[in-house]
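Enquirer: If you count by mature numbering (1 follows the signal peptide of the UniProt record, and there is no 0), then the sequence shown holds residues -21 to -1, 1 to 1215, one letter each, in order. Even for Gly, the Cβ is constructed at its ideal location relative to N, Cα and C. Below you will find the structure I want to go over with you.
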Amino acid sequence: MRGMEFFVGIVALACIEVAAGALLQDTTGLVTLNYEASEDGITLELIRGEKTTLRGTIGKGRNLQDVSCIGSSLCKLSDNEILSITPIQHGFNVTWVKDDPTEVFEDCYELDSGSTNWFGGPQRWHQVWPLEKMTIDGSEPYVIKKSDNFGVAERYWLNSNGVYIWLTDVTPLWVDQNNNNPGQVCFRAEAKSPYINRERVLLAYVIASMDDPKVAHLNAINSVLGAPEAHPGDKMIEEPIWTTWAKYKKPINDETVLEFGRTIRSHGYEGGQLEIDDSWETCYGSQQFTEEKFANIQNTVNTLHEDGWRVSLWIHPFVNDDCEENSAIGKRLGYFVHNPQNETNAVWWNSDYGHQIDFTKPAAAQWWSDRVKSIQETIGMDSFKFDAGEVDYVNQPGVYADAESSPNALTHSYIETCVQFGDFIEVRSSFRGQTYGKFIRMLDKDSVWGLENGLASLITTLLQLNMNGYVMVLPDMIGGNGYQVQPTADLIVRWTQANTFMPAMQFSFLPWDYIDDVEYDIEGIVKKCADLHTEFAPLIINAMERSISEGYPVNPPIWWVDPTDTVALSIDDEYLLGEEVLVAPVIVEGAVSRDIYLPKGQWRDGNDGEVYEEMLTILALVGVFLANSAESAKVFSSGVVDLYFEESPDGYGFELRRDNVVKMTGIFGKGVDFTNTSPNFNVTIMSVDDGFRVDWRSSDPNFQTTDCLNLQSETLHWYGGPEIYEQKWPIEKLQLSGDDAYVARKDDNFAVPERYWLNSLGAFVFISERSPLFVDQNTEENPDRVCFISKNEGPYINRTGLFSQAYLMAFDEPVSAHRSAVAQFLGEPEELPNVNMITEPIWTTWAKYKKYIDDTIVSEFAYDVLDHGFKGQIEIDEQWETCFGSREFIPDKFGNIKNVVEDLQEQGFRVTLWAAPFINPDCTELILEGEEKGYFVQNTIGNMTTVWWESNDARQIDFTNPEASEWYSQKLRRILQQVGVDGFKFDAGETDYVAQPGVYPHVDQELIPNILTKSYIKTVSEFSNLAEVRSAFRTQNYSMFLRMIDKDSVWGLDDGLQSLVTTLLQLNMIGYSFVLPDMIGGNAYRAQPDLELVIRWTQATVFMPSMQFSFLPWDFEDDEQLKGTEIIRSMVELHTKYAPNIIAAMEEKLINRTPTNPPIWWIVPFDETALGISDEFLLGEDILVAPVMEQGATSRDVYLPEGSWVDGNDPAVKYEGPIWLDYNAPLDVLPYFIKE
């Protein structure tokens, strides 16, 4: 579960001095925590800026007045009781821990309900909203339970001041709100049932404070909750679900199901999903159809398929006693949850004598899954409705292997088991399952109107789930379940309307059954709403995709568009779809009108088109190009940014303006026939903050789109784009062929292909990772243009239609634009790599020795470095394995490797090891195992052949398969344990080593093939403390060094020394600031480097994050003459001297999104000269570096932008910029300048 390891080691990180008036600051310096000890705990006040955003008392009931810290790193309250408050970015980690399971900790916070609203918390039977209205009984454990509809109870509280509290999964949590302590929420850690078998008590949580609740929630999604990685199948969104349950309950059979389907078809509904609910098994838990009712189930399913239905089946996690065979197997093999008395009885709604499968045991989960798969394969079921999953059906307390994650681990493991069954499933309970991206169904609603589990609670539950990170919400069936009373016609109509803009519509009661009850056209009204839902399905899917890429809710509360609106913050009967549609359904019985609050903006009535200018601003306008549109010019506005369209013979020309200044121009829909009266596509333009999102959709997989930007290279510069062999900068100089898929590939050094183009006017385009992208730039067909082509060709396979999405954004200048891009799209790391990789050089065997290495050579190499006065990190490169992929050392070459590693570590070296994601054919046993288990990537005809530099018939690990990823990682962990190396150099990772096109069945098909690279980096991030990678895609959030792909031992931009600086700039400007320059002097592929090249290369890397050597200067014949060793030693010392500045610049990346090594225009974004400079760079914002990169040169031109600059070589000399210098730079001089 995400977050399980969040607080590991935290208690050893902070020492607080509990004293009157004490204060702490977070790592940004923006958030202050005032605290004061008392006889009843410690009172806290969280302040951001000058505003108090949270107040509370921690350690309630404890006399802490006289406590003082013991030691330098822990605040001990007794010998084994520790309190830790640790500053983090935007807040603090708070941890109480004691190695005594009888201890109780309680921290309470003021709700301040008169001035503050709260969101998050549990799903409830009586779902009030906002959360401060809710009462929670602290005598009940805060776990996932059937009682009170507690099917989703995340440990997350968010307030309208921009503060969130998130409690770790391992806290034995009890929550008391507005109960024993009115006006407060109290979080108590107590290790009593169901939290048993614990050796300690831990109360651990995050308090974070942001500018507003929207910013805070997005931070929580990124930091603790997690964003979905996929969304449910499109058809489940577009077409209704029809379930037998509410209409028929248990009396169902083959004919009932077929008649249900026929009736629906006869009333004009096409497609859809028909769900066969309860009472189909021979006994509950047999997972076999009863022949008395379903003797022809195979034919029934086939008939439904022929009529266009998808068919799903109700499934549960129980085995009843009367299922004697499965009950006996489960008991014998220990597959059922049991209590401390070893009793396995579980009470659920279909039996008092059942048993709950223990999904925390892999074997038990597999036993259950195999039987579900058997139904899927033999009967042809398309999907399943997975019911239950809560923890309190068994005799309490349940006993689980991992005591600290119990009992909620049962729910998490159940859902984790269920999600393997495809994109059309639904679950009803969840814990820490936000990332799965499957439908989570609201618990059964009653057929009543109010908040007591009726229609009104449909909206509050929708908001509650969305604001806990569960955005793929399946509303319960329209009209409720008909338990106590049957729904009325009015209730069905109003429920249908309320449901229309939610992610899916689910019927059981049929509207035409009510025709005789009312005078109005109930069937017509319901059908109109269902059609409206289908019409807006692309917008729903767009909202889901934004949730995947940015963490936004699909159906947020209306304050989402204006988080400072105090009225909007409390609205509980309206909701949004994305940021484009506000929905205010009538949910009061008998009402024919209602009050509606529109937050700030311009709102167009969806029924009659009337525009309302209410109190405040504009939401997002949605524009759809229609083939029969009579308008030739169109304008879309998002406030300060406007998008102008003008029809042209070749699509629509556009201008993106900010404050009426043109920032970007281009052609939209190049070559598309907009005059077609029956188009096979739609395109939606919607405004977002500071720009627009453009979505293309077509059900025709052969449809393709081309949108082009004018580079205007005479007046504009561009940044971003791909890492490439000839790394020209700025990137308007690049030429890219639209024949090649824009994916991570070995060809042309295309290892980091981020989809981001930023220009010098402050506009940028960002293309979704779901777009099947090809890029054509500066070709004969598109001179001085970059064209983004979306087409389902090459590696982009298995797509049912075409989807393409781009963001066009405009800001005042490129610095603020880039910071926004990092925040919204690119992402940023949460911490630094190992600082020793910054402060000390890396010494790799590769360029010097290539494959000819063994124990002795590695040891001699290290001691040679040591004898010349250097230290750092020794990297053992390629050719150490018995066969490539074995992860076992060759005994003849490395029989003494463990002792060598230990010796080098004793000498002060760190030792790392080369690793790749391939297995060569001579690793016979591994090849057989991987092929049998499906661990390798294969293409569409089953070919697994992988061609890489060490084999033409290898296999590529499929890191999109979690089991394959774990298989790979286990072997690396074994090396760490057995040999003791400190980390790894991870090579390759691009997508094009495998036979094309690669097939990836375990992931969303719209993410392939780059998901392979992304998954590889995610896998190896486990070892990120001392690791480097060379490929990347959407992985800016990982705290690892990204190594430039292999450089050649030449001087020019053709992968030589000059490309070192341009690649540094390119990587920094796509969000990768922890850059590891490739080895000094290059790899000696085309030629051996001479000492001059090695010296100048060393100088160029001094102010980059790390220095990496392989060629040793003292090995060159002219070393004594050129004094190469002395010069290089001085450069290493200079790097060490400025290492604190490098670390500070890297930390600045974490705090305010400043690249570690930006281009020099970063500090002068309006300087036309600086905007075009490609051979200088900055460290942070204070040091400008201008290395000599021309062979034989002893001087160079240097441009210093505006400001006062001190010569780094002669501090007595100062220059006032802007100025050009003819700077003298003999071989021992690196030109660099420090800004005053």
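1) For SER1010, does the three-state DSSP call read helix, strand or coil?
2) In the structure shown, what three-state DSSP assignment does THR358 receive?
3) Can you check DSSP and say which residues form a bridge with TYR698?
4) Does the segment 1075 to 1088 come close enough to the segment 1044 to 1058 that 3 or more CB-CB pairs lie under 8 Å?
5) Count the other C-beta atoms from every protein chain shown that fall within 10 angstroms of the C-beta of SER930, then say buried if there are 16 or more, exposed otherwise.
6) Could you spell out the range, first to last residue, of the beta strand (DSSP E) harbouring THR36?
7) Say whether the segment 56 to 74 touches the segment 217 to 227, bearing in mind that this needs 3 or more beta-carbon pairs closer than 8 Å, one atom from each stretch.
8) Leaving aside the five residues before and after ALA477 along the sequence, list all residues of the same chain whose C-beta is less than 7 Å from its C-beta, in chain order.
9) Which residue comes first and which comes last in the alpha helix (DSSP H) that contains TRP224?
10) Using a Cβ-Cβ cutoff of less than 7 Å, which residues in the same chain neighbour GLN375 once the five nearest sequence positions on both sides are dropped?
11) Enumerate in chain order the residues of its own chain whose CB-to-CB distance from HIS1114 is below 7 Å, with the five nearest sequence positions on each side excluded.
12) Decide if GLU82 is buried, meaning its Cβ has at least 16 other Cβ atoms within 10 Å, or exposed.
13) In the DSSP output, which residue or residues are listed as bridge partners for ILE336?
14) Just confirm the distance between the C-beta atoms of GLY1061 and VAL1029, as a whole number of angstroms; I'd bet it's less than 8 Å.
15) Taking 7 Å as the cut-off, decide whether the C-beta atoms of ILE1059 and PHE1088 are in contact.
16) Report the residue ranges of all beta strand (DSSP E) runs contained in full by the segment 859 to 942; include only those spanning at least 3 residues, in chain order.
17) How many Å lie between PHE338 and TYR393 at the Cα?
18) Run through DSSP, which three-state label would PRO1092 get?
19) Where PHE743 and ALA789 are concerned, what is the direct C-alpha to C-alpha distance, given to the nearest angstrom?
20) CA-CA distance, VAL10 and SER92?
21) In whole angstroms, what is the alpha-carbon distance linking PHE273 and ARG350?
22) Of all the beta strand (DSSP E) runs that stay within the bounds of the segment 91 to 153, which reach a length of 3 or more residues?
23) Count the C-beta pairs between the segment 372 to 388 and the segment 309 to 327 that are closer than 8 Å, then say yes if the count reaches three, no if not.
24) Just to confirm before moving on: does the CB-CB distance between TRP221 and GLY251 stay below 7 Å?
25) With distances taken between CB atoms, is the gap from GLY309 to VAL298 smaller than 7 Å?
26) What did DSSP end up calling ASN193 once you bin it into helix, strand or coil?
27) With distances taken Cα to Cα, identify the nearest neighbour of LEU110 among PHE365, LEU146, ALA183, GLN443.
28) Suppose you measure from the CA of LEU1043 to the CA of GLY717; what does that come to, to the nearest Å?
29) Report back the beta-carbon spacing between ASP1034 and TYR704 to the nearest angstrom; my notes put them in contact at under 8 Å.
30) Helix, strand or coil for GLU553, going by three-state DSSP, please let me know.
31) In whole angstroms, what is the alpha-carbon distance linking PHE604 and PHE647?
32) Do ASP1161 and LYS1128 have their CB atoms nearer than 7 Å?
33) I need the straight-line Cα distance from ASP966 to ASN728, nearest angstrom please.
34) For TYR493, is the classification buried or exposed, using 16 other Cβ atoms within 10 angstroms of its Cβ as the cut-off for buried?
35) Are ASP686 and PHE782 closer than 7 Å when you measure CB to CB?
36) Taking the beta strand (DSSP E) that LEU1158 belongs to, which residues open and close that run?
Expert: Reading from the atomic positions:
1) Reduced to three states, the DSSP call for SER1010 is coil.
2) A small fix is needed here, since residue 358 is Ile in this sequence, not Thr. DSSP, read as helix, strand or coil, puts ILE358 in helix.
3) Under DSSP, TYR698 shares a beta bridge with LEU737.
4) Touching, per the Cβ criterion.
5) Around the beta-carbon of SER930, 16 or more other beta-carbon atoms lie within 10 Å, marking it buried.
6) Counting along the chain, the beta strand (DSSP E) containing THR36 begins and ends at 30 to 37.
7) No: the two stretches stay apart, fewer than three of their Cβ pairs being nearer than 8 Å.
8) For ALA477, where only same-chain residues beyond five positions count, the Cβ hits under 7 Å are LEU434, LEU437, ILE438, PRO564, ILE566.
9) For TRP224, the enclosing alpha helix (DSSP H) covers residues 224 to 227.
10) For GLN375, the CB contacts under 7 Å within the same chain, skipping 5 residues up- and downstream, are SER172, PRO173, ASN318 in chain order.
11) Apart from sequence neighbours up to five positions away, the residues of its chain that approach HIS1114 with a beta-carbon distance below 7 Å are VAL1081, MET1086, ordered along the chain.
12) Using a 10 angstroms sphere on the CB of GLU82, the tally of other CB atoms reaches 16 or more, which defines it as buried.
13) In DSSP, ILE336 forms a bridge with PHE315.
14) Between VAL1029 and GLY1061 the Cβ distance is about 7 Å, and since that is below 8 Å, they are a contact.
15) With a cutoff of 7 Å on beta-carbon distance, ILE1059 and PHE1088 are scored as near each other.
16) Within the segment 859 to 942, the complete beta strand (DSSP E) runs of at least 3 residues are 889 to 894, 925 to 927, 930 to 935.
17) PHE338 and TYR393 have their alpha carbons spaced roughly 5 Å apart.
18) Note: PRO1092 maps to helix in three-state DSSP.
19) Between PHE743 and ALA789, the C-alpha separation is close to 7 Å.
20) VAL10 and SER92 have their C-alpha atoms roughly 22 Å apart.
21) PHE273 and ARG350: Cα-Cα distance of roughly 18 Å.
22) Residue ranges of uninterrupted beta strand (DSSP E) with 3 or more members, entirely inside the segment 91 to 153 and ordered along the chain, are 97 to 101, 132 to 138, 142 to 146.
23) Cβ pair count under 8 Å is three or more, so yes.
24) Yes, they are a contact pair.
25) In this structure, VAL298 lies closer than 7 Å to GLY309 by Cβ.
26) Note on identity: in this sequence residue 193 is Lys, with Asn being the wrong assignment. Judged by DSSP in its simplified three-state form, LYS193 adopts helix.
27) Taking the Cα of LEU110 as reference, the smallest distance to any Cα among PHE365, LEU146, ALA183, GLN443 is reached at GLN443.
28) When rounded, the separation of the alpha-carbon atoms in LEU1043 and GLY717 is 25 Å.
29) So it is a contact: roughly 5 Å between Cβ atoms.
30) If DSSP states are grouped into helix, strand and coil, GLU553 belongs with coil.
31) Note that PHE604 has pLDDT 29, beneath the 50 cutoff, so the model's placement of it is unreliable and the number below is only indicative. The straight-line gap separating the alpha-carbon atoms of PHE604 and PHE647 is approximately 11 Å.
32) With contacts defined by Cβ atoms closer than 7 Å, ASP1161 and LYS1128 do not form a contacting pair.
33) Distance between the alpha carbons of ASP966 and ASN728 is about 13 Å.
34) Buried: at least 16 other Cβ atoms inside 10 Å.
35) With a cutoff of 7 Å on beta-carbon distance, ASP686 and PHE782 are scored as not near each other.
36) From DSSP, the beta strand (DSSP E) with LEU1158 extends over 1156 to 1158.
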